[in-house]
Amino acid sequence: MKTADPELMRAINRFHVMDAIRRYGPISRVEISDRTQLSATTVSAITAALLDDALIVTHQLGGIRDAARGRPRVMLDLNPHAAYVVGVKLALDQITIATTNFRADVLSSLMLPIRLGRQPVSVIADLVEDGIRRSVADAGLTIEQISGVCVGLPGVVERMAGVCRASPIFGERDVPFAAELTARLGGVVSTIDSDVNLVTLAEHWFGQARGLDDFLVISVELGLGLGILHNGELFRGANGLSPDLGDLMVRTANGSGPVRLAAAASEASILAEAREILAGGEHEHAFRLGRGMEKILELAAAGEPRILALLEQVGGSLGFAIANLITLFAPPKVILAGAALQAGDALVEPIRRTVAELLPPSLADVSDIVVHHWADDIWARGAAAMTLRDLYGAPWNTTGPVVHR
């Protein structure tokens with residue numbers, strides 16, 4: 044019988060110890076052993092190495108005593124100064140940038156209100172580079188102290204190659220944005236990923252899915268994103284491809300189709316349909332200024348029947364897709380995210396109702412559908428988490444990025 048590679052086993056054990064400290068720290072060695080099912084000797088050896096590498100720190104808490112030894116236990120936690128990373132989110136109307144520490148605490152952030160859809164790739168790269176350098180300086184750091192950069196954007200992303208195959212952000216296809224950014228930042232390793240994957244990882248580390256190793260995130264924004272966490276790992280396709288829920292073929296609530304789901308239920312489709320419904324009226328100015336979604340939410344809250352009917356239709360289309368996803372994955376939790384969800388029951392109730400109607404009885408009570416209520420910086424914490432996993436994460440993760448130098 045073939046034995047396991049000892050180096051791989053050591054790396055896996057190291058990951059489990061780091062993950063336990065991240066999830067439950069400050070935590071004692073005894074508790075780490077209990078949670079990981081590793082021997083006390085193995086945990087002591089791994090934590091000693093982590094302390095030598097300055098990845099973790101100790102806290103001796105007075106008054107907390109080990110019953111067997113009769114002295115205060117030493118608690119272990121991540122060292123916030125072990126590494127610094129930068130997260131970037133690209134949207135059609137703005138660039139948002141945040142610098143975080145090893146615990147994914149946000150140290151500085153800034154937002155650049157720019158219509159990226161009108162800019163060539165080189166200009167977008169210039170703007171991102173300038174924003175990163177500004178955010179790093181605002182955090183009191185230098186670019187040489189940054190261990191990695193992660194850019195999240197909507198669309199189809201091939202993470203291993205650092206290539207965006209298609210996105211409404213770029214007018215071009217197959218954009219090697221990770222390599223472009225790495226070169227501009229003097230070799231600081233840069234990666235790109237689907238923005239919904241960053242939210243998914245942040246929900247797993249810090250949010251409503253903390254402690255869950257299986258769940259879905261549905262992002263209703265410019266496009267439709269799908270984040271899948273299975274056995275504690277993000278699901279990816281070939282070469283680290285991120286799935287794009289907007290490309291799913293569906294029939295619309297009125298029976299027409301088939302159409303791509305993004306054409307029936309994305310933020311972009313909601314804006315286009317609402318603008319047509321309200322054409323020629325007093326609300327056109329809001330759409331021209333890029334504040335169409337704010338106007339839609341305002342009208343929905345006021346009970347405007349045409350907008351409520353639109354959201355009912357969108358909710359039905361989303362509910363149809365989500366029911367199929369629950370049938371496929373049976374996740375204990377489905378998290379809905381995106382600005383459109385601020386419409387509240389006008390959009391969420393049609394989703395829940397359609398899911399309940401379409402699910403088979405055997406799965407009716409399996410999945411809890413919740414709405415994401417985090418602050419806007421959750422994606423930044425997710426970008427930090429993604430980069431830190433790349434640097435110090437699971438050794439069996441074969442979908443990690445290529446280092447673009």
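In this text, residue positions in the sequence shown follow my numbering: the first is 44, and each later residue adds one.
From the three backbone atoms N, C-alpha and C, an ideal C-beta is built for every residue, glycine too.
Judged by DSSP secondary structure, E215 falls outside any alpha helix (DSSP H); it is assigned neither H nor E. If you keep only unbroken beta strand (DSSP E) runs of at least 3 residues inside the segment 271-314, you get nothing at all.
In this model, I394 and G362 are separated by some 4 angstroms (Cα to Cα). P197 and L265 do touch by the CB rule: their CB atoms are close to 5 angstroms apart, below 8 angstroms. In this structure, DSSP gives T139 an extended state, which the three-state scheme calls strand.
Between D257 and the set A180, R158 and A373, the nearest pair of CA atoms involves A373. By the criterion of at least three beta-carbon pairs nearer than 8 angstroms, the segment 307-327 is in contact with the segment 342-353. Here the alpha carbons of V100 and P123 stand approximately 9 angstroms from one another. In the structure shown, S405 falls within a helical segment according to DSSP collapsed to helix, strand and coil. Looking only at A428, L371, L119 and L244, the smallest Cα-Cα distance to P403 is reached by L371.
Taking the C-beta atoms as reference points, Q188 is found nearer than 8 angstroms to Y127. The beta-bridge partner set that DSSP reports for G191 consists of V128. Ranked by how close their Cα comes to the Cα of A226, the residues L93, A168 and D148 have A168 in first place. Counting along the chain, the unbroken alpha helix (DSSP H) around E246 starts and ends at D238 to F249. Contact check between the segment 395-415 and the segment 281-290: fewer than three CB pairs, one atom from each, fall below 8 angstroms, which does not count as touching. For the 8 angstroms CB-CB criterion, V260 and G270 form a contact. DSSP places T430 in the helix class (H, G or I) of the three-state scheme. DSSP places I412 inside the beta strand (DSSP E), whose first and last residues are D411 to V414. If you look at R208, you'll find it in the beta strand (DSSP E) that goes V206 to A209. The segment 140-175 contains, as complete beta strand (DSSP E) runs of 3+ residues, the segments 149-155 (chain order).
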